[in-house]
Amino acid sequence: MARQTLVLDASVGVKWFSDIGEAYVPQARAILTAHASGNISVAVPDIFFHEISNALVNKRMLSMSLIEDSITSLFDLRLSVLPVSKERLRAAVQIARQAGITEYDACYAAVAIENRCPLVTANPRHQGQTLGCQVIPIEEWRAEGRG
């Protein structure tokens, strides 16, 4: 049986490194644990790294040492990272225009569509949207029954 692939946006990934001001941290960390144990695969666009580091930098109570350690850990996770390409960017632009979301946010939907897998998000602006892929709110994600 093939492993389930999920696309996560930064609203989920940031919870791996800081619970300050964050809800649904246990669910986000359960996804991380499932990925680390090989039960699921996580795919992200390369912007994921920039958005997480930006979110951590903006949590002023976090030390630079903790942020730097988080960045190292992020690269050690062996996520499936999809770099920007002409096709992905075009798809994201179309999704952004149709859904009325930022192109940055649409990158995640474009990767989910390309990989034929769900997008897991904690961003309420995406939940309930028609983005061309299954959108799973972080609070509804469960490892069992999602395979």
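Numbering that gives the first Met the number 0 numbers the first residue of the sequence shown as 0 and each following residue consecutively. Think of the CB as a built atom: it goes at the ideal place given N, C-alpha and C, for glycine as much as any other residue.
{"Item": "Three or more C-beta pairs below 8 Å linking the stretch 130 to 139 and the stretch 75 to 88", "Value": "no"}
{"Item": "Helix, strand or coil at Ala109 [DSSP, three-state]", "Value": "helix"}
{"Item": "Test item: CB-CB of Ala108 and Glu102 under 8 Å", "Value": "no"}
{"Item": "Backbone CA spacing between Asn53 and Gly20 [nearest angstrom]", "Value": "15 Å"}
{"Item": "Boundaries of the alpha helix (DSSP H) in which His136 is found, first to last residue", "Value": "The sequence given here places Pro at residue 136; His does not occur at that position. Not the alpha helix (DSSP H): Pro136 falls in the beta strand (DSSP E), residues Val134 to Pro136."}
{"Item": "Runs of beta strand (DSSP E) lying entirely within the stretch 4 to 66, each at least 3 residues, in chain order", "Value": "39 to 44"}
{"Item": "Neighbourhood of Arg2 by C-beta, 8 Å cutoff - its chain only, sequence neighbours within 5 removed", "Value": "Gly37, Asn38, Ile39 and Ser40"}
{"Item": "Beta-carbon gap between Gln128 and Val134 smaller than 8 Å", "Value": "yes"}
{"Item": "Among Tyr23, Ile112 and Gly131, the one whose alpha carbon lies nearest that of Val43", "Value": "Ile112"}
{"Item": "Whole-angstrom distance between Trp15 and Lys58, CA atom to CA atom", "Value": "14 Å"}
{"Item": "Buried or exposed (CB count within 10 angstroms, at least 16 for buried), Glu50", "Value": "buried"}
{"Item": "Residues that DSSP places opposite Val80 in a beta bridge", "Value": "Val43"}
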